[in-house]
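Residue numbers (the numbering used here), protein chains in the order written: chain X, 1 to 211; chain H, 212 to 501.
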Amino acid sequence: MTCIELQESLAENETGGSVAQRAHLRDCPQCAALVAELLVIACAAGELRACNEPSPRVWNSIEIALRKEGVIRPQHEVHSFFPAFTSMRTLRWLLPVAAALLVTAGVLVQQHLPSHSIANNEYAEQAASGMESDAALAGLNDDDLIQEIAQQSPAVQAQYTENLRRVNQYILDARSSVAADPNDEEAHRSLMDAYQQKAMLFELALDRSLP
Amino acid sequence: MTGRTIEFAMIGATLATTLMAGTLAAETHKEYRFNVGSKPGVSINNPYGSISIRPSTGNFVVINATLSSDKVEVDNNVTSNRVEVVSHLLPGADPRSGSIDYEILVPADASVTLHSSAGALRAEKLHGDLTLEGAGATVEVRDITSAHLRVKTLNGPVTLSNVQDGHVEVDSLSGNVTLNQVTGPRVQVISTSGGISYSGDFGDRGEYRLTSHSGDIEAVVPDSTSADVSARSVRGEVHDDIHLQPRQHVPYVLEKGSAFWGTMGRAAVSSTVVLRSFSGKIHLRKRSTK
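Laid out in structure tokens, this is it:
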């Protein structure tokens, strides 16, 4: 499959999950980036829709425009991207993309957390549940990751488990800092850094060269 | 030395020679040479084993591969101005038998991507874009100029030396990161639990951001440094042994011992330096003249 054929085939299967598409995407970083961008747009669009619902006409216009461009077919809806993340073993190549989505989703969710003061312990609970929902939004799950590593490379499972624990603590602490001072730009940067670290952990764990 | 000791020594030497000969016999060397244009792309993906990359003297790429066994082979693909090399693990390969060590020469302006899960990654004297990734890989980069340098590791340590005018991004979960004489318009290190050590003068008008969640951060600077430095650790200690002109307005409360913000040297040419940790210690100190 060539790059042009891949792009044309996205109209048929926008997740890039067919056998031929996966084979091409494994070897072509440009097309993989294109599909990743499509997924990010889909994820972000879903987020925005949930948080701040625009007029249905906006969505209709976007849908019409996408149909005209041949990017989507009428029978598919935007949220049909998400089922692609349910089968980790068959779609390993998509997980780095999902990791990138984790950062996007985390930041989007954080922007909608309450900015007024909350008792620290209360906030820690909210932060923990918020973190789980971030991961769920991005189609990622810590247990799935550890399970995948246990199957593929048990020798490094302990390393990844420990690093995952630490990076989750990083996210919790960064969230607490943002809650303590919502105007602190550095605290927001730290939160993004923490999500970036977690995304990288997923990327390294599931990249193509995992022994 | 008794006769029995000599006998044991001779048996040991014979066994060692036999084992070594067996290993050497299994190893094979292969060399590939590709002619390329200016600014070629070079990508090496090697699950097990080291990759070392240096500049060639012309527009060609030379790949010297030492294969540890017949359980692994070198796949290469050349398209337009891009060379891609992948270590192809065959059935039954393990970290020992699937290992390949690469010595690679590329044009100095090549855009290079190196990927290894466990081997050492080394690059020197290049000035194109450079990406080095590997979970447990030890990364060493030196004598790099005007490059966009990206490094990602899980627990592999990262050492960058003499990187000038670089756009540097280092991400490591738990590997220690050491920067010696690293300057550029943007230098960023993010770590979760690894320590970060910076030694140098922070250049002129650059933006330096060193952050770790629980790792310690240490910056050692010479007297001549000009930098606007802010340091803050949420639960760790913050120390500075250098006289800083305190900032008049800061966006947060500076608690003594956990944060400082001030300027050293000439403000007009100073770089911006942000050192941030949650539970690690932060220490800014002057380089010893001894």
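We put the beta carbon where it would ideally sit given N, CA and C, even for glycine.
It should be emphasised that the depicted structure is a prediction, and the values quoted were computed from it without experimental measurement.
Per DSSP, His188 (chain X) is one residue of the alpha helix (DSSP H) stretching across Glu185 to Leu206. Here DSSP, grouped into helix, strand and coil, assigns Asn366 (chain H) to coil. Not flagged as an interface residue toward chain H: Leu145 (chain X), since no C-beta distance is shorter than 8 Å. At a cut-off of 8 Å between C-beta atoms, Glu186 (chain X) counts as an interface residue with respect to chain H.
The way I'd put it, the stretch 145 to 155 of chain X doesn't touch the stretch 401 to 412 of chain H; fewer than three beta-carbon pairs between them come closer than 8 Å. Closer than 8 Å to the CB of Asn287 (chain H) there is not a single CB belonging to chain X.
A distance below 6 Å between beta-carbons, with the five flanking residues on each side excluded, links Thr370 (chain H) to the following residues of its chain, in chain order: Glu351 and Thr389. Residue-level contact by beta carbon holds for Ile401 (chain H) and chain X, with a gap shorter than 8 Å. Here Met475 (chain H) is bridged, per DSSP, to H:Ala438. By DSSP's assignment, Asp451 (chain H) forms a beta bridge with H:Leu495. Bridge pairing for Phe245 (chain H): H:Val272 [DSSP]. At least one C-beta of chain X is nearer than 8 Å to the C-beta of Ser385 (chain H). Scanning its chain for C-beta atoms nearer than 6 Å, with the 5 sequence neighbours on each side dropped, one finds around Ser469 (chain H) the residues Ser444 and Val449, in chain order. Shown here for Ala304 (chain H): same chain residues with a beta carbon closer than 7 Å to its own, the five before and five after excluded, namely Lys282 and Val283 in chain order. Residue nearest to His338 (chain H) within the set H:Ser322, H:Asp382 and H:Tyr243 is H:Ser322 (criterion: CA-CA distance).
Cβ-Cβ distances below 6 Å link Glu429 (chain H) to Ser408 and His494 in the same chain, with the five nearest sequence neighbours on each side left out; the list follows chain order. Excluding residues up to 5 positions away in sequence, Phe471 and Leu495 lie with their Cβ nearer than 6 Å to the Cβ of Asp451 (chain H) in the same chain. Considering only beta carbons, the part of the stretch 338 to 369 of chain H lying closer than 7 Å to chain X consists of Ala346, Lys363, Leu365 and Asn366, in chain order.
Boundaries for Arg446 (chain H): no beta strand (DSSP E) harbours it, and the DSSP string shows neither H nor E there.
The continuous alpha helix (DSSP H) containing Ala179 (chain X) extends over residues Gln157 to Ala180.
Under the DSSP definition of a beta bridge, Leu316 (chain H) partners with H:Arg265 and H:Val273.
Taking a cut-off of 8 Å for Cβ pairs, the stretch 310 to 326 of chain H and the stretch 181 to 194 of chain X do not touch, as fewer than three such pairs fall below it. Residue burial annotation: Gln21 (chain X) is buried, with at least 16 other C-beta atoms found within 10 angstroms of its C-beta. Contacts with chain X at 8 Å (Cβ-Cβ) do not include His460 (chain H). Taking the beta carbon of Ser404 (chain H) as reference, the chain X residues within 7 Å of it are Arg166, listed in sequence order. CA-to-CA, the gap between Ser357 (chain H) and Asn391 (chain H) works out to about 16 Å. When Cβ-Cβ separations below 8 Å define contact, Val445 (chain H) makes contact with chain X. The DSSP-derived three-state label of Glu380 (chain H) is strand.
Taking the beta carbon of Tyr463 (chain H) as reference, the chain X residues within 7 Å of it are Asp181 and Asp184, listed in sequence order. Here the alpha carbons of Lys492 (chain H) and Thr394 (chain H) stand approximately 23 Å from one another.
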